[in-house]
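Residue numbers (the numbering used here): 2 to 357. Below is one structure, written out as structure tokens; comments come after it.
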């Protein structure tokens with residue numbers, strides 16, 4: 002467990018000793034440029050995610066992609082589900098590094114998205130602290146394909162907060178090449194558009210139709226059968242939905258105090274409403290796995306709200322270390338409970354490396 006706690010303590014200690022960033026762009030958003038410290042974090046995250054060995058609940062399943070790449074042609078791979086991830090497997094075989102290459106590049110793509118999103122927050126270190134226990138440890142080391150998609154979607158969310166709707170659409174479509182479920186994020190841009198609304202809706206319709214034909218057409222029936230008709234139950238789904246509903250409720254409660262532009266406000270209000278709706282849907286549907294997988298895309302809401310919360314409850318631009326400590330303690334509790342009592346945490350503990 003020690004490697005996970007080291008990974009958590011680095012941003013946690015930084016968060017406790019840092020106030021909100023004051024480097025704001027003209028549109029009210031924050032710069033996302035990486036400093037030397039953040040490049041080191043990017044390097045550390047990439048290595049820990051990429052060099053893991055037999056860590057994660059789906060570890061064995063991902064070798065099926067590698068075997069497919071080994072025995073079938075590149076063109077055949079690219080016409081299958083999730084062509085972006087299949088391309089990584091082809092490149093992994095080409096380099097001779099196999100799964101080591103696939104996981105390292107996957108970790109890099111996810112980490113770039115995560116850090117870019119954290120850098121857009123008023124307290125980036127606190128945002129990263131909140132992300133480590135579940136988004137980093139569980140998702141990036143357990144759901145490799147979807148973690149890449151989430152990382153790319155987070156880059157898109159930064160662009161959407163800056164009113165770059167078309168850029169968001171492009172990032173979502175790129176994310177869908179690694180995990181088809183990312184297309185569910187497309188309607189968000191139409192529902193939150195503040196300018197050229199009808200043009201955006203038209204673009205979403207066109208890209209959605211293309212995405213369905215290219216990415217989902219052959220597998221949509223199987224998705225429905227697996228996630229809904231089969232009524233798969235996702236263990237711990239209620240807990241993970243609750244983790245989203247807490248910041249959703251806080252956003253709704255304190256939305257008038259948050260210093261963000263209209264585009265960002267619409268995005269996170271929608272995320273909050275979706276998170277609240279999915280929480281209540283859990284009690285009226287048996288398709289908990291479908292809700293659970295969609296909820297993974299709502300995790301950035303946790304980072305966004307908790308990175309703003311100290312400045313909503315206390316003096317703006319102050320350190321507010323007391324509340325930061327409580328948020329850090331909350332995140333530490335999640336990590337402790339997951340590692341110690343999670344139903345499938347044995348697949349993560351102990352942490353092992355390829356070089357170990």
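Don't be surprised by glycine CBs; every beta carbon is placed ideally from N, CA and C. Computed from a predicted structure; not experimentally measured.
Residues near residue i by beta carbon distance below 6 Å, same chain, minus five either side
i	result
residue 273	249, 252 and 253
residue 280	242 and 246
residue 9	133 and 336
residue 313	255 and 258
residue 52	354 and 355
residue 332	130, 131 and 134
Segment limits, alpha helix (DSSP H) that includes residue i
i	result
residue 309	301-314
residue 69	64-72
residue 96	84-96
residue 346	Element bounds for residue 346: n/a, residue is neither H nor E.
residue 248	238-255
residue 169	166-177
Pairwise C-alpha distance: residue j and residue i
i	j	result
residue 44	residue 105	10 Å
residue 54	residue 39	25 Å
residue 354	residue 334	25 Å
residue 271	residue 189	8 Å
residue 84	residue 148	15 Å
residue 268	residue 290	24 Å
Reference residue i; option with closest CA among the options
i	options	result
residue 330	16, 50 and 348	16
residue 244	256, 58, 14 and 301	301
residue 265	295, 306 and 83	306
residue 117	310, 162 and 190	162
residue 112	338, 22 and 47	47
residue 343	13, 238 and 155	238
residue 152	164, 169 and 58	169
residue 164	290, 191 and 297	191
residue 108	145, 339 and 341	145
Other residues of its chain near residue i: CB distance less than 7 Å, five sequence neighbours each side excluded
i	result
residue 303	131, 244, 245 and 248
residue 66	86, 87 and 90
Residues near residue i in its chain [Cβ-Cβ closer than 8 Å; skip 5 each side]
i	result
residue 322	17
residue 71	94
residue 282	292
Subject >> Segment contact flag, the segment 125-138 with the segment 322-341, C-beta cutoff 8 Å, min 3 pairs >> reply: yes
**OP:** Evaluate the contact criterion for the segment 84-101 versus the segment 135-142: three or more CB pairs, one atom per stretch, below 8 Å.
**Re:** no
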